[in-house]
Each structure stands twice: as structure tokens, then as C-alpha cells.
Amino acid sequence: MSNTKYRSEITGVGSFVPPKVYTNFDLEKMMETTNDWIVQRTGIEQRHWVDDNVSNSDLAFEASVRAIKNAGLERSDIDMIIFATLSPDHEFPGTGCFLQAKLELPEIAVLDIRQQCTGFLYGLSIADKFIQSGSNKNILVVGSEVHSKGLDKTPNGRNVAVLFGDGAGAVVVSRKELVNPATDSRIITTHLHADGSFAKELWIPAPGTALGADRINNEMIAEGMHYPQMNGKTVFVHATKRMAECLVSACKEANVTFTDVDLFLFHQANLRINSKVAEMLSIPEEKIFNTIQNYGNTTAATIPLGMDDAIKAGVLKKGMLVASAAFGSGFTWASAVWRY
Ligand code: UT7
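Last residue of the sequence shown: number 339 in numbering that gives the first Met the number 0, and the count goes up by one each step with no gaps.
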């Protein structure tokens, strides 16, 4: 929690999804799956996937421009970019560099982070620390993903391919004077966790320098090692447990109860995960804003995308107390409580 004279306020939110929608019925034609299976197991009804010529940083650019505009700022007011993704434009440099060039913001710091579904909350936490230290004034935190180009869309990959969608979300975190900690719009607390002993429960093995002589070769491609691999049941069990745990610790640290929280913005990997967390913590379902039906799992983009949709729907209003939690590959998990 803050001991400084500054507070970090989310002053602008923006998002962008590619226009092309793929329903579960479209996927039925590509792989051996059914609308019923996908809806019953996950809650997903459709996802947006990019056209061939669209990159991750293209989506991030659109979301960023909207977030900066909604913050009432000029692009030149941004003094740092924190970029969370697991589906970069290229192996290196980080996609934040490509976004920085598109935004025409030369020389400002760019930090790419790799915390998968938890990436946005990690980014928000880092931004909060830089803002509270006094070193930065307006940090752009972006979560953006192009999953569709990296999924096995044959029947072999159906357990993963039906889950993921493309999209981007961005927020501007701005430095403000701390006046009244109880009522100021600000990031109140963030909690970050990881357990690398589960790294291979949800991962993409190749390309990788741990694989022998080559980072990638034809054999690895033939084996599908460049596609995501997931032990869904293990991930599910840990996701519910860890999201519930870190929500409890965040609310305790913020000195608020679940009743005080106006809105819960959770990561969107599976509606059943979010319902289970709600059940474990006796959170009324109507306080949770879910978007997975429309987008599938957009990993790092999910929470800022949901934030923007909640604002547009009139569900998230200035002054509301919000709690977020996310869980994903790594395993990584995180929570945050903030007043919007
Ligand atoms: O954001 C990152 C974190 N990711 C997650 O949190 C995901 C967590 N895990 C999950 O959400 C669930 O485990 C899944 C939705 C991925 C899968 O649900 P499940 O109830 O664990 O299903 P399962 O993997 O045990 O598969 C059940 C059956 C299998 O058939 P058999 O062996 O029972 O005959 C699968 O082959 O469903 C079959 N199946 C499918 N059927 C139709 C797997 N994928 C599909 C599919 N369409 N797409």
C-alpha cells in the first residue's frame, strides 16, 4: 500500500478487437468440436481472429490510441510503455518496441513482460510502483494477443484452439497527488505470485534454447511443439484455488470486504472457473463482469478489454471499488484492488 505523496490513477482505458468473428459453429467446420461442448465446458460463444496481414502491435496500437484519448492526453504525454503478451510480433525485440515506433514515441522506456494471462496485472503493478516512486507521470500498460496464428486448428489441437481469441486492451496509469486514501481514485494494492514448478502444464515448448542443438527444426514442427500444450484439468484446479487466495489477500491488504467491492473483473479463461471462485468466496455472480462469451480467452488483453467493455456498458463508473484476479501459464497469478 502507498506511503508516498503520489497515487496511481487509471485515467484512460481503450481496447480493440479485430472485426472478424468466428463462432463455435465456424469452428465445428474446422475441427471435431461442437458448439454444445464449447459452451458447456467454457462459456465461450465466439472469438475474434485477425486477418493474415494484422500483427499484435497493430491491435495494441488501436487500443493504445483509444486509451490515451480517453485519458484526455496527447501521445507525447506518455513516458513509459509496459507491454504484456505471449504472442509477440517477432521473437525479439519485444513487441513494446514495435508499438512505441507506431505511436511515434522515440526514446521513452519500453518494458516487455511475459506473464501470460497474468501479464496485465503484473504490468499494472509495475506501473504503480514507477508512478509512486515519482519517476514517471503517465505509463501506458498494454495487454495484446494474436493467438489465432499460433493454434493447431486441426482435431489434434481442439482442446486448446477453441479457447483463445485475439484482442488488445490498454490503460494509462497517471501520477496524481494523494489527497484522501479512502476515496481517491487509485491503485490500492497489487499482489503478484508464480510457481515455476508447473511451467510445463501450460506452455509452448518450441522454439527454445533448452531443446538441444536447434531452437526449432522440422522434427519439432512435425511433432507440433510450436503449438500450446495444456493439461486443462490441472490448470483449472490451480486457477480456482489461487485466484480465490489472492483475492482474499488483496482485499485484506486494502482493508475492504467483498461486500465493499462494487465490481469484480476477473481473467476470462473459463466461465466455470469464475463461477467456482464466486462460489468459494460467496461473491454474488452479478458483481462479476464476464466477457469470455464474446472473446474467448485473450490472455494478457483480457482484463483491460473487460474494463473497457464494462465502462462502455455503464457497469464500471468512476469512484467504484474494483477487484481483479488472474491466473495462467507459469503458473503465475495476481490480484489487484483499485478505485476507478
Ligand atoms: O488462461 C490460462 C489458463 N487456462 C485455463 O484456465 C484453462 C483451464 N482448464 C479448462 O478450462 C478446462 O480443463 C477445459 C475447458 C480446457 C477442458 O474441460 P475439461 O472438462 O477439463 O475437459 P477434458 O480436457 O477433460 O476433456 C473431456 C473430453 C475428452 O474426451 P473423452 O476423453 O472424455 O472422450 C476430450 O477429448 O472432451 C474432449 N474434448 C473436446 N470435445 C469437443 C476436448 N476438447 C474438445 C473440444 N470439442 N474442443
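Virtual Cβ for every residue (Gly too), placed ideally from N, Cα, C.
C-alpha of Ser328 to C-alpha of Ala268: approximately 11 Å in a straight line.
Note on Ala169: 16 or more other CB atoms within 10 angstroms of its CB, so buried under the neighbour-count rule.
Distance from Leu72 to Asn179 at the Cβ level is roughly 24 Å; contact not present, criterion being Cβ atoms closer than 8 Å. Burial state of His47 is buried, judged by a 10 Å Cβ sphere holding 16 or more other Cβ atoms. If you draw a straight line from the Cα of Thr297 to the Cα of Gly164, it is about 5 Å long. The Cβ-Cβ distance between Arg74 and Leu102 falls below 8 Å. In this chain, the alpha helix (DSSP H) harbouring Ser248 covers 231-253.
In this structure, the straight-line span from the alpha carbon of Ala209 to that of Ala312 is close to 46 Å. DSSP, reduced to helix, strand and coil, places Tyr339 outside both helices and strands of the structure shown, so it counts as coil. Asn69 is the residue among Gln39, Asn69, Asp194 whose C-alpha sits nearest the C-alpha of Met306. Ranked by Cα distance from Asp25, the first of Val141, Phe15, Lys152 is Lys152. The beta carbon of Ala253 is closer than 7 Å to those of Ile187, Thr188, Val336 in its chain, skipping five residues each way along the sequence. When DSSP states are grouped into helix, strand and coil, Lys4 belongs to the coil group. Scanning the segment 308-333 from its first residue to its last, the whole beta strand (DSSP E) runs of 3-plus residues come out as 320-327. Counting only residues of its own chain and dropping the five nearest sequence neighbours on each side, Lys148 has no CB closer than 7 Å to any other CB.
In terms of CA proximity to Thr290, Asn273 leads the group Asn273, Ala277, Trp36, Val53.
At a cut-off of 7 Å, the beta-carbon of Arg241 does not count as near the ligand UT7: no heavy atom of the ligand is closer than that. Pairwise C-beta distances place the segment 32-44 out of contact with the segment 52-68, as fewer than three of them are shorter than 8 Å.
A residue is called buried when at least 16 other Cβ atoms come within 10 angstroms of its Cβ; Thr256 does not meet this threshold and is exposed.
Contiguous beta strand (DSSP E) elements confined to the segment 85-149 occur at 108-112, 137-144, taking only those with 3 or more residues.
Cβ atoms of Met229 and Leu201 come within 8 Å of each other, at about 5 Å.
Within 7 Å of the C-beta of Lys232 there is at least one heavy atom belonging to the ligand UT7. In the three-state reduction of the DSSP assignment, Asn179 falls in the coil class.
The residues Met229, Gly231, in chain order, have a CB closer than 8 Å to that of Asn158 in the same chain once the five nearest residues on each side in sequence are set aside.
In this structure, Asp261 lies near Met319, with their beta-carbon atoms less than 8 Å apart. The shortest C-alpha to C-alpha distance from Val16 to any of Gln292, Val314, Leu304, Ala324 is the one to Leu304. The residue from Glu27, Val234, Ser54, Arg6 with its alpha-carbon nearest to that of Leu123 is Arg6. Under the criterion of beta carbons closer than 8 Å, Val12 and Gln45 do not qualify as touching, at roughly 22 Å. Residue state for Leu72 is assigned as coil, using DSSP reduced to three classes. Proximity of the beta carbon of Ile287 to the ligand UT7 is not indicated: no heavy atom of the ligand is located closer than 7 Å. When the Cα atoms are used, Asn217 and Asp35 turn out to be separated by approximately 36 Å.
Inclusion of Gly118 and Ala299 in the CB contact set at 8 Å is warranted, their separation being smaller than that value.
Between Leu139 and Ile215, the gap from beta carbon to beta carbon reaches 8 Å or more. Non-local beta-carbon contacts of Met29 in its own chain, meaning distances under 7 Å to residues more than five positions away in sequence, involve Lys152 in chain order.
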